[in-house]
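Trainee: Counted the way my numbering counts, the sequence shown spans residues 189 to 877.
From the three backbone atoms N, C-alpha and C, an ideal C-beta is built for every residue, glycine too.
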Amino acid sequence: MADFLVTVESPAKAKTIERYLGKKYKVRASLGHLRDLPRSQMGVDVENNYEPRYITIRGKGPILQDLKKEAKKAKKVFLAADPDREGEAIAWHLATALGIDQTSDCRVVFNEITKDAIKESFKHPRKIDMDLVDAQQARRILDRLVGYSISPLLWKKVKKGLSAGRVQSVALRLVIDRENEIKVFEPEEYWSITGEFEKSKKKFEAQFYGNTKEKMKLHNEADVKEVMSSMSGKDFKVNRVVKKERKRNPSPSFTTSSLQQEAARKLNFRAKKTMMLAQQLYEGIAVGKEGITGLITYMRTDSTRISDTAKKDTIDFIVENYGEQYVTQKVAAKQSAKSQDAHEAVRPTSVMRTPESMKSILSRDLYRLYKLIWDRFVASQMSSAVLDTVMAELQNGEAVFRANGSQVKFPGFMKLYIEGTDDQKEEKDNILPEMAEGDVVEAVDITPNQHFTQPPPRFTEARLVRALEELGIGRPSTYAPTLDTIQKRGYVTLDAKRFIPTELGEIVHQLVLEFFPDILNIEFTAKMEHDLDTVEEGEIEWRSIIDAFYRKFEKNVEVAENEMEKVQIKDEPAGEDCELCGSPMVYKLGRYGKFMACSNFPECRNTKAIVKHIGVTCPTCKQGEIVERKSKKRRIFYGCERYPECEFVSWDKPIERPCPKCSELLVEKKVKKGVQISCTSCDYKEEVQ
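(1) Taking 7 Å as the cut-off, is the C-beta of Pro846 nearer than that to any heavy atom in the ligand SAH?
(2) Here's a check: name, in chain order, each residue in its chain whose Cβ is nearer than 6 Å to the Cβ of Thr673, leaving out the five neighbours to either side.
(3) How should Phe640 be labelled, buried or exposed, when 16 other C-beta atoms within 10 angstroms of its C-beta is the threshold for buried?
(4) Cβ of Thr443 within 8 Å of Cβ of Thr502?
(5) Buried or exposed: which applies to Pro842, given that a residue is buried once 16 or more other Cβ atoms fall within 10 Å of its Cβ?
(6) Does Trp379 come out as helix, strand or coil in the three-state DSSP assignment?
(7) Roughly how many angstroms separate the alpha carbons of Ile278 and Pro689, rounded to a whole number?
(8) Quick check: what's the CA-CA separation for Lys391 versus Asp272?
(9) Can you name the start and end residues of the beta strand (DSSP E) that Glu433 belongs to?
(10) Leaving out the 5 sequence neighbours to the left and right, which residues in its chain are closer than 8 Å to Gly421 when beta-carbon positions are compared?
(11) Report all residues from its chain with a CB closer than 7 Å to the CB of Glu308; omit the five preceding and five following residues, and keep chain order.
(12) Assuming Val700 and Val346 are in contact, meaning their beta carbons sit under 8 Å apart, how far apart are those beta carbons, in whole angstroms?
(13) Using a threshold of 8 Å, state whether the C-beta atoms of Gly774 and Pro636 are closer than that.
(14) Since Thr670 and Ala359 are thought to touch, with beta carbons under 8 Å apart, how far apart are those beta carbons, to the nearest angstrom?
(15) Check this for me: beta carbons of Pro621 and Ser388, under 8 Å apart or not?
(16) Do you know offhand how far Glu749's Cα is from Ile338's?
(17) Please state the DSSP three-state secondary structure of Phe741.
(18) On the three-pair Cβ rule with 8 Å, is the region 449-469 touching the region 285-298?
(19) Within the chosen definition, does the region 430-441 reach the region 565-580 through at least 3 CB pairs nearer than 8 Å?
(20) With DSSP run on the structure shown, which of helix, strand or coil describes Gln517?
(21) Assuming Val363 and Phe647 form a contact by the criterion Cβ under 8 Å, report the distance between their Cβ atoms to the nearest whole angstrom.
(22) Out of Asp683, Glu691, Val196, Pro832, state which residue places its alpha-carbon closest to the alpha-carbon of Arg677.
(23) Hey, Ile494 and Arg535 are a contact pair by Cβ (cut 8 Å); roughly how many whole angstroms apart?
(24) Considering just the uninterrupted stretch of the alpha helix (DSSP H) at Leu330, what are its terminal residues?
(25) When the Cα atoms are used, what is the spatial distance from Lys796 to Glu833?
(26) Once DSSP output is grouped into helix, strand and coil, what is the label at Ile288?
(27) So for Ser568, helix, strand or coil by DSSP?
(28) Identify the continuous beta strand (DSSP E) that holds Asp633 and give its terminal residues.
(29) Going straight from the alpha carbon of Gly353 to that of Glu376, what length do you get?
(30) Taking just the CA atoms, how far does Ile865 sit from Lys849?
(31) Roughly how many angstroms lie between the CA atoms of His801 and Gly862, to the nearest whole one?
(32) Examine the Cβ distances between the region 705-725 and the region 211-218 and report whether three or more of them are shorter than 8 Å.
(33) Would you mind working out which of Ile634, Cys786, His531 sits nearest Gln395, comparing C-alpha positions?
(34) Round the Cβ separation of Arg361 and His718 to the nearest angstrom and send it over; I've been treating them as touching at under 8 Å.
(35) Checking 8 Å against the spacing of the C-beta atoms, do Asp317 and Trp730 come in under that value?
(36) Taking the alpha-carbon of Ala285 as reference, which of Asp270, Arg314, Asp254, Glu300 has the nearest alpha-carbon?
Now the structure itself:
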């Protein structure tokens, strides 16, 4: 019979850890939380100092009974839930339910599921950290007070199934604010002039910079003509050449947020998918003779700290596989005493398990995510890249052009990994011919280009996660669930992987803004996050934070109960009759926005997509307007409203203004790097947005 009982969160971990610890230990899974606030009521006694009322979660009773039986038989019980606030709270709830002394050395934590890490952690059990538990309780209770106060109002005043919360409301606000910026945006014309030059039979490009005194902006064609007329002949004198050596440092190892962002950019993964795959890599994969082994450290972290052992092993690996010159010379910044106890960054548990050696074991998506984590971690311990940069200034008359070149002198970490960017622009060597001050180069071609400023881009998941993180809203564990919630509620939709608010989302946002402005106030919410963090640090009692918030919030709820008007999402007449039964068609609001339906429902269930005009005249018949349509697979395309008389159709969205080169149709093409405006007839293209 086993002497010790160990509780963990998942069955997958339980099997692995039991194998590592040996016969004296029995490891059982709690399957996450066993106790929580009741779902059917608030569960927080606001009159009694915000005392929470915890109950056993429905369906978890048998698990708890089994754990109680095992705990009675065991000499000692160890609580080994995840190493974060949520895990600490699970351990505390279990200690309470199983009658374990919370001040005893019953808590075991580890950041990776490997044999050495598990055995080492059991040498250093500790008592339950009540500061961590209180930090989790504070967030849970605060979110319950907000959610269970506002959501019922939305159910009564708008429709069932809606919700509002601290983090999700701010996320929705960011999406709506960005959409409003796009709506009011007015494109401004500007021009550039690109010159193709030749020196010693080598061609290179330079851009118009200005005159000999200052940089100049080209606002219109008149400005361009003035510059073009100021130049004479093809010879340009080299005014100056500036050569510099520039260093580029590697990015640190992943935090939860940077992992989600980079997986979105490079692997096209949604935040939810990234976290699901990372959980599998953390909990363990069957690795040959080693059996089930955790391949990465704990994936919910906002730390970039790396253990000394991991650093040493990685440096040895780099020396052996790349050479000593590829090892970082940078001395790591000293961490405070507090941060020494923080989680590590997300990294592989062993640098020796290279992605190539794991490829046959892992599924395609697990392999791709593991490779991303492994590459980023190893690169973070490599030396800086060294680039040679050159700037050459060319002059003809008063016009000055500048050519910029760069060349990788020493790749350093770039030999293995380069961080992605939101605009997906790739860096390439641009090598200029050898030039010196006083040289003369010949202009092969000088080309003016018309451009228009672009509106700010809609949020992708990566951009929205980054925005929330930069604003101090939410924490690593909340980003993926938040993005998932605003989509499930029908507040936003995704178009070309970019968030667009729905009408329902805008209605909910407006109501929350009117009656609960603090919930949408970014500074207020960020301060609240900071205050909640101080609970974790033991600097403040959690109930005082809740009380300071709730006293004002309670008054807002009372006002909303009395003054919030019921939103009638009326069925507007669509102005046409049902082709099946002849009854009038009406507009209805569904999960994915408005659609047309027969008013004779449920007798007639005819529905149609709404024809959306985009304000562009059909380029084929010159009579009808282009409308947005959806294919059977819900893919958007564009066609003439006069179909079938006119058969114009396009997968790319036509835009109103004509091509500046040939006056033909311009369209928005969805390319891998974003959206690009290009001509359907000539080679005219604008910068990718």
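Mentor: Based on what the coordinates show:
(1) In the structure shown, the ligand SAH is absent, as is every other ligand, since no ligand is present at all.
(2) Sequence index remark: in the sequence shown, residue 673 carries index 485 (1-based). Result list for Thr673: Gln356, in chain order.
(3) The residue you call residue 640 lines up with position 452 of the sequence shown. Its Cβ having fewer than 16 others within 10 Å, Phe640 is exposed.
(4) As a working note, residue 443 is residue 255 in the sequence shown. As a working note, residue 502 is residue 314 in the sequence shown. It is not a contact, given that the beta carbons lie outside the stated cut-off.
(5) Here residue 842 corresponds to residue number 654 of the sequence shown, with the count starting at 1. Buried, since its Cβ has 16 or more Cβ neighbours within 10 Å.
(6) Stepping through the sequence shown from its first residue, residue 379 is reached at position 191. Note: Trp379 maps to strand in three-state DSSP.
(7) The residue given as residue 278 occupies position 90 in the sequence shown. The residue given as residue 689 occupies position 501 in the sequence shown. C-alpha separation (whole angstroms): 36 Å.
(8) Looking up residue 391 in the sequence shown gives position 203. Looking up residue 272 in the sequence shown gives position 84. Cα to Cα, the separation comes out at about 58 Å.
(9) Within the sequence shown, numbered from 1, the residue matching residue 433 stands at position 245. Residues 423-436.
(10) Residue numbering aside, residue 421 sits at position 233 when the sequence shown is read from its first letter. Counting only Cβ-Cβ distances below 8 Å, and skipping sequence neighbours, we find Asn584.
(11) Position 120 of the sequence shown, counting from 1, holds the residue named residue 308. Excluding sequence neighbours, Glu308 sits near nothing in its chain.
(12) What you label residue 700 is simply residue 512 of the sequence shown in a count that begins at 1. What you label residue 346 is simply residue 158 of the sequence shown in a count that begins at 1. That pair is no contact at about 11 Å.
(13) Numbered from its first residue, the sequence shown carries residue 774 at position 586. Numbered from its first residue, the sequence shown carries residue 636 at position 448. Reading the sequence as shown, one finds Val at residue 774 and not Gly. No, they are not a contact pair.
(14) In the sequence shown, counting from the first residue as 1, residue 670 sits at position 482. In the sequence shown, counting from the first residue as 1, residue 359 sits at position 171. Contact holds; Cβ gap of about 5 Å.
(15) Here the question's residue 621 lines up with position 433 in the sequence shown. Here the question's residue 388 lines up with position 200 in the sequence shown. Yes, the pair counts as a contact, with Cβ atoms nearer than the cut-off.
(16) Reading the sequence shown from its first residue, position 561 is the one you call residue 749. Reading the sequence shown from its first residue, position 150 is the one you call residue 338. C-alpha separation (whole angstroms): 10 Å.
(17) For this step, residue 741 is matched to residue 553 along the sequence shown. In the structure shown, Phe741 sits in a helix (DSSP, three-state: H, G or I).
(18) no
(19) yes
(20) By 1-based counting over the sequence shown, the position of residue 517 is 329. The answer is coil: DSSP assigns Gln517 none of H, G, I, E or B.
(21) Along the sequence shown, read from residue 1 onward, the residue named residue 363 stands at position 175. Along the sequence shown, read from residue 1 onward, the residue named residue 647 stands at position 459. The Cβ separation is near 6 Å, so the contact holds.
(22) Looking up residue 677 in the sequence shown gives position 489. Of the candidates Asp683, Glu691, Val196, Pro832, the one whose C-alpha sits nearest the C-alpha of Arg677 is Glu691.
(23) By one-based count along the sequence shown, residue 494 stands at place 306. By one-based count along the sequence shown, residue 535 stands at place 347. 7 Å between Cβ atoms; contact.
(24) On the sequence shown, residue 330 is found 142 positions in, with the first residue counted as 1. Its alpha helix (DSSP H) spans residues 318-345.
(25) Here residue 796 refers to the residue found at position 608 when the sequence shown is read from its first residue. Here residue 833 refers to the residue found at position 645 when the sequence shown is read from its first residue. Roughly 21 Å separates the two Cα atoms.
(26) Along the sequence shown, read from residue 1 onward, the residue named residue 288 stands at position 100. Reduced to three states, the DSSP call for Ile288 is coil.
(27) Numbered from 1 along the sequence shown, position 380 holds the residue referred to as residue 568. Helix.
(28) For the purposes of this step, residue 633 is taken as the residue at position 445 of the sequence shown. Asp633 -> beta strand (DSSP E) spans 628-640.
(29) Here residue 353 refers to the residue found at position 165 when the sequence shown is read from its first residue. Here residue 376 refers to the residue found at position 188 when the sequence shown is read from its first residue. For Gly353 and Glu376, the distance between alpha carbons rounds to 38 Å.
(30) Here residue 849 refers to the residue found at position 661 of the sequence shown. Here residue 865 refers to the residue found at position 677 of the sequence shown. Going by the C-alpha atoms only, they are around 13 Å apart.
(31) On the sequence shown, position 613 is the one that residue 801 refers to. On the sequence shown, position 674 is the one that residue 862 refers to. Near 23 Å, if we compare the C-alpha coordinates of Gly862 and His801.
(32) no
(33) Residue 395 sits at position 207 when you count from the first residue of the sequence shown. Of the listed residues, the one whose Cα sits closest to Gln395 is Ile634.
(34) Reading the sequence shown from its first residue, position 173 is the one you call residue 361. Reading the sequence shown from its first residue, position 530 is the one you call residue 718. Their Cβ separation, rounded to whole angstroms, is 19 Å, which puts Arg361 and His718 out of contact at 8 Å.
(35) Mapped onto the sequence shown, residue 317 falls at position 129. Mapped onto the sequence shown, residue 730 falls at position 542. Contact flag unset, no.
(36) Your numbering for residue 285 matches position 97 in the sequence shown. Residue Asp254 is the option with its Cα nearest to Ala285.
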